[in-house]
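Colleague: Below are the structure tokens for one structure; questions will follow.
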Amino acid sequence: MSTNQSDVIIPQSRASLRDAWVALAGLSAVFLFEMLDNSILTVALPTIGRELHASTTALQWVTGSYSVVFGGLMLGFGAVADRFGRRRVMLLGLVLLGLASLTTVFVTTVEQLVAVRIVMGIAAAMTTPGSMALAFRLFREDDLRVRATTVISTVGLVGLAIGPTVGGLVLAVAPWQVLLLVNVPIAALAFAGIRTGIARDDPTELHRDPVDVLGAVLGTAAIVCALVAPTLFVQDGVGAVGPWIATTAAVLAVVLFVVRERTARHPLLDLTLVARPLVSAGLAYKAATGIAVAGMGYLVTLQLQLAWGWSPALAAVGMLPQVVVLIAGGRFVGPFVQRVGLGRAAWMSATSVVLGLAVFALLGRTGYVAVAIALVLVAAGMRVVGVVAGVNVLRGLPEDRTTIGAALVDTASEVSSGVGLAVVGTILAALVTGSIASAHWTAAQAAGFDEAVTVGSGALTAVAAALVLWATMRTRRGAAQPTD
Numbered sequence: 319m320s321t322n323q324s325d326v327i328i329p330q331s332r333a334s335l336r337d338a339w340v341a342l343a344g345l346s347a348v349f350l351f352e353m354l355d356n357s358i359l360t361v362a363l364p365t366i367g368r369e370l371h372a373s374t375t376a377l378q379w380v381t382g383s384y385s386v387v388f389g390g391l392m393l394g395f396g397a398v399a400d401r402f403g404r405r406r407v408m409l410l411g412l413v414l415l416g417l418a419s420l421t422t423v424f425v426t427t428v429e430q431l432v433a434v435r436i437v438m439g440i441a442a443a444m445t446t447p448g449s450m451a452l453a454f455r456l457f458r459e460d461d462l463r464v465r466a467t468t469v470i471s472t473v474g475l476v477g478l479a480i481g482p483t484v485g486g487l488v489l490a491v492a493p494w495q496v497l498l499l500v501n502v503p504i505a506a507l508a509f510a511g512i513r514t515g516i517a518r519d520d521p522t523e524l525h526r527d528p529v530d531v532l533g534a535v536l537g538t539a540a541i542v543c544a545l546v547a548p549t550l551f552v553q554d555g556v557g558a559v560g561p562w563i564a565t566t567a568a569v570l571a572v573v574l575f576v577v578r579e580r581t582a583r584h585p586l587l588d589l590t591l592v593a594r595p596l597v598s599a600g601l602a603y604k605a606a607t608g609i610a611v612a613g614m615g616y617l618v619t620l621q622l623q624l625a626w627g628w629s630p631a632l633a634a635v636g637m638l639p640q641v642v643v644l645i646a647g648g649r650f651v652g653p654f655v656q657r658v659g660l661g662r663a664a665w666m667s668a669t670s671v672v673l674g675l676a677v678f679a680l681l682g683r684t685g686y687v688a689v690a691i692a693l694v695l696v697a698a699g700m701r702v703v704g705v706v707a708g709v710n711v712l713r714g715l716p717e718d719r720t721t722i723g724a725a726l727v728d729t730a731s732e733v734s735s736g737v738g739l740a741v742v743g744t745i746l747a748a749l750v751t752g753s754i755a756s757a758h759w760t761a762a763q764a765a766g767f768d769e770a771v772t773v774g775s776g777a778l779t780a781v782a783a784a785l786v787l788w789a790t791m792r793t794r795r796g797a798a799q800p801t802d
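Those letters in the sequence shown? Residues 319 to 802, per our numbering, in order.
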């Protein structure tokens with residue numbers, strides 16, 4: 319069937335969210351899958367371990383393999399989508415997701431489950447970046463883009479928040495495979511909404527440059543090594559050889575990737591576009607937030623359960639301030655951004671994240687009230703940054719590069735989260751003697767943990783603050799420059 323503009327019945331640009339409700343339902347389902355998947359599966363890991371006779375390392379790869387493949391392939395699929403069609407690539411990814419989820423019923427070994435998770439990671443890399451790019455394409459006004467992105471992210475965050483609870487209830491009455499089979503109706507809903515509510519890709523908004531295969535390989539290798547290295551540091555410690563090999567490989571791959579992209583005739587990622595103020599600032603805001611959220615979330619979880627002796631259920635209740643703000647805060651994002659503007663909203667919300675991290679670093683050991691305040695500040699800032707930083711990145715790019723721009727946003731979050739975990743995990747390993755998971759800590763272990771919380775969160779605060787300061791300066795510079 320022809321893809322000429324005259325054949326497109328669905329309007330490219332909508333005047334309101336109501337006009338685009340079918341498309342938004344489909345795009346929200348895509349983001350729901352991304353947020354719900356790992357959160358709902360985590361609660362089933364002990365059950366999976368028992369039934370599949372899996373080791374601790376094997377169970378780690380049930381979730382880790384998905385994240386590594388997802389993060390590593392986003393740039394490549396973002397580039398492919400900008401060339402061959404964002405809608406087309408997303409629909410193919412949703413079909414792959416549904417089929418991979420269905421194969422869960424045939425899984426009998428942990429190796430088979432890891433293979434399924436790898437395929438699901440590929441599907442996620444094909445679909446997730448396109449959700450932001452297609453939402454951006456639906457509207458021309460920035461306030462509608464912010465509101466649409468807020469709706470999509472709210473649906474995903476609800477999934478993230480209720481995932482463990484829903485997963486636990488399902489496991490009480492059904493086998494663990496059901497938790498992955500739930501992706502089938504989600505994929506079907508997303509497919510129907512996107513196919514019905516979003517027009518075919520406009521050829522004028524795509525480009526036909528050849529795919530930079532070598533650049534894609536180097537970029538994927540860099541991201542995969544960067545995501546694997548933190549896990550190895552936490553798992554094997556700083557004295558092991560494996561983590562340092564992975565880190566060296568990541569640095570080498572990054573250097574080779576940059577050289578390739580600067581010299582290739584048709585680069586996978588035009589580095590001059592990444593250097594644009596709005597783009598680089600948006601990525602820095604996302605990186606600062608990713609570092610803070612991952613690192614502090616890890617430390618708070620350990621503090622509540624190991625240092626303070628809270629049960630898992632009580633610790634889940636202790637995280638409720640963050641959950642409530644993430645879900646309820648959605649209604650305030652649009653009015654806040656409309657009142658202060660995209661640029662100010664970005665630096666103000668990112669500063670809130672840094673401030674929350676600083677509160678935890680300085681006062682987190684004094685009691686739960688300080689922890690709750692830190693969680694609220696980080697969640698409130700993250701809620702806004704998650705929307706405005708992505709919108710700013712796409713505003714700073716040409717229309718034929720928006721999908722790889724969205725992929726960059728997601729990649730920045732994935733890699734920075736890995737860095738945050740690596741920093742606090744390494745500091746914990748260095749300062750806490752013996753097993754951190756032991757039932758009864760010695761006085762030395764307790765003191766070492768308190769010191770690790772202060773040093774680890776303090777280090778993350780400094781890094782995140784530097785990124786936010788740099789991004790703020792870039793945003794102000796970009797406000798005076800054209801975005802095309």
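Beta carbons are placed, not taken as given, at the ideal position from N, Cα and C, and that holds for glycine.
Give a yes or no on whether the C-beta atoms belonging to residue 296 and residue 703 are separated by under 8 Å.
Modeller: No answer is possible for residue 296: it lies beyond the span of the chain, which begins at 319 and ends at 802.
Colleague: Measure from the alpha carbon of residue 617 to the alpha carbon of each residue in 546, 637, 525, then state which is nearest.
Modeller: 637
Colleague: For the alpha helix (DSSP H) containing residue 561, name the first residue and the last one.
Modeller: 559–581
Colleague: Determine the burial state of residue 585: buried for a count of at least 16 other Cβ atoms within 10 Å of its Cβ, exposed for fewer.
Modeller: buried
Colleague: On the premise that residue 695 lies in contact with residue 677, defined as a C-beta separation below 8 Å, what is that separation, rounded to the nearest angstrom?
Modeller: 6 Å
Colleague: State the CB to CB distance for the pair residue 305 and residue 609, rounded to an integer number of angstroms; the pair is presumed to be in contact (CB under 8 Å).
Modeller: Nothing can be reported for residue 305: it is not among the residues displayed for the chain, which extend from 319 to 802.
Colleague: Could you name the residues of the same chain whose beta carbon sits closer than 8 Å to that of residue 576, not counting the 5 residues immediately before and after it, in chain order?
Modeller: 589
Colleague: May I have the straight-line CA-CA distance separating residue 328 from residue 648, to the nearest angstrom?
Modeller: Residue confidence for residue 328 is low, a pLDDT of 47 falling below 50, so the modelled location carries little weight; the figure read from the coordinates is stated next. So the two alpha carbons sit approximately 28 Å from each other.
Colleague: Per DSSP, what kind of secondary structure is residue 504 in: helix, strand or coil?
Modeller: helix
Colleague: Are residue 394 and residue 534 closer than 8 Å when you measure CB to CB?
Modeller: yes
Colleague: With the cut-off set at 8 Å, would you say residue 344 and residue 515 are in Cβ contact?
Modeller: yes
Colleague: Measure how close the beta-carbons of residue 599 and residue 789 come, nearest whole angstrom, since I'm counting them as under 8 Å.
Modeller: Beta-carbon to beta-carbon, residue 599 and residue 789 are separated by about 4 Å, close enough to satisfy the 8 Å threshold.
Colleague: Leaving out five residues before and five after residue 320 in sequence, what residues of the same chain have Cβ atoms less than 6 Å from its Cβ?
Modeller: Because residue 320 carries a pLDDT of 38, less than 50, the predicted location of this residue cannot be relied on, and the following value inherits that uncertainty. Taken in chain order, the list of residues that qualify is empty.
Colleague: Who are the Cβ neighbours of residue 504 in its own chain at under 8 Å, not counting the five residues just before and after it?
Modeller: Excluding residues within five positions, the ones whose Cβ falls inside 8 Å are 347, 350, 351, 354.
Colleague: Do residue 365 and residue 489 have their beta-carbon atoms positioned less than 8 Å apart in this structure?
Modeller: Contact: yes.
Colleague: So is residue 629 buried or exposed if we call it buried at 16+ other beta carbons inside 10 Å?
Modeller: exposed
Colleague: Comparing C-alpha positions only, which one of 574, 520, 557, 511 sits nearest to residue 539?
Modeller: 574
Colleague: Taking 8 Å as the cut-off, does the segment 495–502 touch the segment 410–430 (at least 3 CB pairs, one atom from each stretch)?
Modeller: They touch, by the three-pair rule.
Colleague: If you follow the alpha helix (DSSP H) that residue 640 is in, where does it begin and where does it stop?
Modeller: 638–646 is the extent of the alpha helix (DSSP H) around residue 640.
Colleague: Is residue 495 helix, strand or coil when you go by DSSP?
Modeller: coil
Colleague: Does the beta-carbon distance from residue 693 to residue 778 come in below 8 Å?
Modeller: no
Colleague: Give the straight-line distance between the Cα atoms of residue 569 and residue 740, rounded to the nearest whole angstrom.
Modeller: For residue 569 and residue 740, the distance between alpha carbons rounds to 15 Å.
Colleague: Hey, residue 497 and residue 359: beta-carbon distance below 8 Å or not?
Modeller: yes
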